[in-house]
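The structure appears below as structure tokens.
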Amino acid sequence: MKTAFYASLAIVPWVAVTLMVRWLISIQGWPVGLVGASSRAVSLPLLLLWIAAFGAGWRSLRPRGQGGWLILMALIAVFINLLWFNAVRWTTATNVGMLIRCDVVFVVLIGSALGLERIGLRQLALIPVMAVGLALLVEIHAFDWGGHILGDAMTVGAAFGFSVNAFIIRHIMRTMEESPVAFYNHAGSMLGFIGLGLVGGDFARLTDVFASPMAALSFLTLGALVALSLPLYYFALRRLDVWKLRMFMLAGPVLTAAVEWPLWGMNMSPLQWLGGAIILASLAILIRMEWQLSVQKKAAARPG
Numbered sequence: 611m612k613t614a615f616y617a618s619l620a621i622v623p624w625v626a627v628t629l630m631v632r633w634l635i636s637i638q639g640w641p642v643g644l645v646g647a648s649s650r651a652v653s654l655p656l657l658l659l660w661i662a663a664f665g666a667g668w669r670s671l672r673p674r675g676q677g678g679w680l681i682l683m684a685l686i687a688v689f690i691n692l693l694w695f696n697a698v699r700w701t702t703a704t705n706v707g708m709l710i711r712c713d714v715v716f717v718v719l720i721g722s723a724l725g726l727e728r729i730g731l732r733q734l735a736l737i738p739v740m741a742v743g744l745a746l747l748v749e750i751h752a753f754d755w756g757g758h759i760l761g762d763a764m765t766v767g768a769a770f771g772f773s774v775n776a777f778i779i780r781h782i783m784r785t786m787e788e789s790p791v792a793f794y795n796h797a798g799s800m801l802g803f804i805g806l807g808l809v810g811g812d813f814a815r816l817t818d819v820f821a822s823p824m825a826a827l828s829f830l831t832l833g834a835l836v837a838l839s840l841p842l843y844y845f846a847l848r849r850l851d852v853w854k855l856r857m858f859m860l861a862g863p864v865l866t867a868a869v870e871w872p873l874w875g876m877n878m879s880p881l882q883w884l885g886g887a888i889i890l891a892s893l894a895i896l897i898r899m900e901w902q903l904s905v906q907k908k909a910a911a912r913p914g
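Under this note's numbering, think of the first position of the sequence shown as 611, with each following residue one higher.
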């Protein structure tokens with residue numbers, strides 16, 4: 611059950627951040643670069659405060675021989691954000707929601723090819739089953755198969771970036787704590803959002819956005835959620851195989867839909883309910899597999 615607990619630490623904050631971002635960008639219509647940069651302007655000081663108050667102090671920010679890996683991680687974070695958030699300009703939200711989950715496949719391929727992780731055949735068989743559930747949940751019949759090649763390619767590129775960065779972050783956390791790594795990742799992604807905002811002219815709307823009485827509170831809330839979500843994700847990543855965590859995070863779209871759609875008056879079709887049920891049932895099977903494996907390991911470790 612520890613596996614499910616660690617995974618939930620990553621999933622629940624991710625769902626909260628996703629809902630908040632969708633509300634600000636899709637519902638309120640605020641620019642992506644402005645939302646991303648403003649939220650990071652809140653999350654970065656909060657992470658520093660957390661490191662100073664509860665972590666190992668400022669000394670934990672030292673790279674400890676991981677400077678090159680930290681720079682690579684930050685560059686990939688910029689790459690991910692530029693691709694992911696710009697993809698919706700050239701493709702549909704349905705396409706993005708489906709293709710970003712290619713990260714599960716990339717994680718399995720990278721981990722196996724480099725000998726970093728091994729996945730059992732039974733666990734591997736769950737991936738296509740969960741993919742079917744995800745396809746039903748995001749309504750694959752609405753998937754646009756043509757005319758959006760650039761946006762689709764950008765989304766797949768972002769998914770690949772997520773997968774690569776997961777292994778890089780695990781390597782960095784051999785010598786560094788979660789919060790300092792999250793700080794450097796946030797700092798890198800903030801540069802990406804600033805660049806996106808400058809190129810797209812997002813900051814020209816700064817006065818209009820902050821004229822809203824909800825602007826300051828919204829950015830403070832999002833910044834706090836972001837500052838919480840990434841260290842918790844890293845906490846889980848340190849303790850779980852990458853493929854296992856990414857499979858559990860397929861529950862994210864299900865939980866997001868369960869909160870988002872009733873909140874904004876959206877109705878799930880029977881096929882979408884079926885898709886969500888398939889994903890959750892697959893996760894239940896995975897949890898049982900992990901429990902059985904832990905029982906076997908404990909039994910083997912007993913003397914005599």
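Don't be surprised by glycine CBs; every beta carbon is placed ideally from N, CA and C.
Checklist entry - Which of helix, strand or coil does DSSP assign to I729? => result One-based indexing of the sequence shown puts residue 729 at position 119. Here I729 sits in coil by DSSP.
Item to check | D713 - containing alpha helix (DSSP H), residue span | outcome: What you label residue 713 is simply residue 103 of the sequence shown in a count that begins at 1. Start and end: 713 to 723.
Item to check | Secondary structure of W863, DSSP reduced to three states | outcome: As a working note, residue 863 is residue 253 in the sequence shown. The sequence given here has Pro at residue 863, not Trp. Three-state DSSP puts P863 in a helix.
Next on the checklist: Any contact between the stretch 682 to 689 and the stretch 623 to 632? By contact I mean 3 or more CB pairs, one from each, below 8 Å.
Outcome noted: no
Checklist entry - Hey, would you say G643 sits closer than 8 Å to L693, going by beta carbons? => result On the sequence shown, residue 643 is found 33 positions in, with the first residue counted as 1. On the sequence shown, residue 693 is found 83 positions in, with the first residue counted as 1. Cβ distance not < 8 Å, so G643 and L693 don't count as in contact.
Item to check | Three or more C-beta pairs below 8 Å linking the stretch 893 to 901 and the stretch 846 to 860 | outcome: yes
Checklist entry - How close, in whole Å, do the beta carbons of I778 and Y844 come, if the pair is a contact with beta carbons under 8 Å? => result Within the sequence shown, the letter at position 168 stands for residue 778. Within the sequence shown, the letter at position 234 stands for residue 844. Actually they do not touch by this definition, with Cβ atoms about 12 Å apart.
Checklist entry - Nearest-angstrom Cα distance between L634 and A909? => result Translated into positions along the sequence shown, residue 634 becomes position 24. Translated into positions along the sequence shown, residue 909 becomes position 299. So the alpha carbons of these two residues sit roughly 51 Å apart.
Next on the checklist: At the level of alpha carbons, what is the spacing between L884 and L746?
Outcome noted: The residue you call residue 884 lines up with position 274 of the sequence shown. The residue you call residue 746 lines up with position 136 of the sequence shown. If you take the alpha carbons of L884 and L746, they lie about 7 Å apart.
Checklist entry - Are at least three pairs of beta-carbons, each pair with one atom in the stretch 814 to 829 and one in the stretch 865 to 880, less than 8 Å apart? => result no
Next on the checklist: Taking the beta carbon of G879 as the centre, do at least 16 other beta carbons fall within 10 Å, making it buried, or is it exposed?
Outcome noted: Working through the sequence shown from its first residue, we reach residue 879 at position 269. The question names Gly, yet the displayed sequence has Ser at residue 879. Flag for S879 reads exposed.
Checklist entry - Between the beta-carbon of L717 and the beta-carbon of V852, is there less than 8 Å? => result Within the sequence shown, the letter at position 107 stands for residue 717. Within the sequence shown, the letter at position 242 stands for residue 852. For the record, residue 717 in the displayed sequence is Val; it is not Leu. A contact, by the Cβ cut-off of 8 Å.
Checklist entry - Is L659 helix, strand or coil by DSSP? => result For this step, residue 659 is matched to residue 49 along the sequence shown. In the structure shown, L659 sits in a helix (DSSP, three-state: H, G or I).
Checklist entry - From which residue to which residue does the alpha helix (DSSP H) around I778 run? => result Position 168 of the sequence shown, counting from 1, holds the residue named residue 778. Looking at the DSSP string, the run of the alpha helix (DSSP H) that includes I778 is 759 to 782.
Next on the checklist: Taking only three categories from DSSP, how would you classify P823?
Outcome noted: Working through the sequence shown from its first residue, we reach residue 823 at position 213. Of the three classes helix, strand and coil, the one that applies to P823 here is coil, per DSSP.
Next on the checklist: Please state the DSSP three-state secondary structure of E787.
Outcome noted: Position 177 of the sequence shown holds residue 787. Coil.
Checklist entry - Using the C-alpha atoms, what's the distance from S649 back to L832? => result Mapped onto the sequence shown, residue 832 falls at position 222. Mapped onto the sequence shown, residue 649 falls at position 39. Computed Cα separation, rounded: 6 Å.
Next on the checklist: Since E838 and M630 should fall inside the 8 Å C-beta cutoff, what is the C-beta to C-beta distance between them, to a whole number of angstroms?
Outcome noted: Locating residue 838 in the sequence shown gives position 228, where the first residue counts as 1. Locating residue 630 in the sequence shown gives position 20, where the first residue counts as 1. Residue identity check: residue 838 is Leu in the sequence provided, not Glu. Their Cβ separation, rounded to whole angstroms, is 12 Å, which puts L838 and M630 out of contact at 8 Å.
Item to check | For A867, the nearest candidate out of A887, R856, R848 (CA to CA) | outcome: Mapped onto the sequence shown, residue 867 falls at position 257. Checking every option, the nearest Cα to that of A867 belongs to A887.
Checklist entry - Using the rule of at least 16 other Cβ atoms within 10 Å of the residue's Cβ for burial, across every protein chain shown, is V869 buried or exposed? => result Here residue 869 refers to the residue found at position 259 of the sequence shown. Exposed, since its Cβ has fewer than 16 Cβ neighbours within 10 Å.
Item to check | Collapsed DSSP secondary structure at M868 in the structure displayed | outcome: For the purposes of this step, residue 868 is taken as residue 258 along the sequence shown, with counting starting at 1. Looking at the sequence provided, one finds Ala at residue 868 rather than Met. Three-state result, A868: helix.
Next on the checklist: To the nearest angstrom, how far is the alpha carbon of A663 from that of A769?
Outcome noted: Walking along the sequence shown from the start, residue 663 turns up at place 53. Walking along the sequence shown from the start, residue 769 turns up at place 159. Their backbone Cα atoms lie some 34 Å apart in a straight line.
Checklist entry - Where do the N-terminal and C-terminal ends of the alpha helix (DSSP H) with I690 fall, by residue? => result On the sequence shown, residue 690 is found 80 positions in, with the first residue counted as 1. 677 to 697 is the span of the alpha helix (DSSP H), which, as asked, contains I690.
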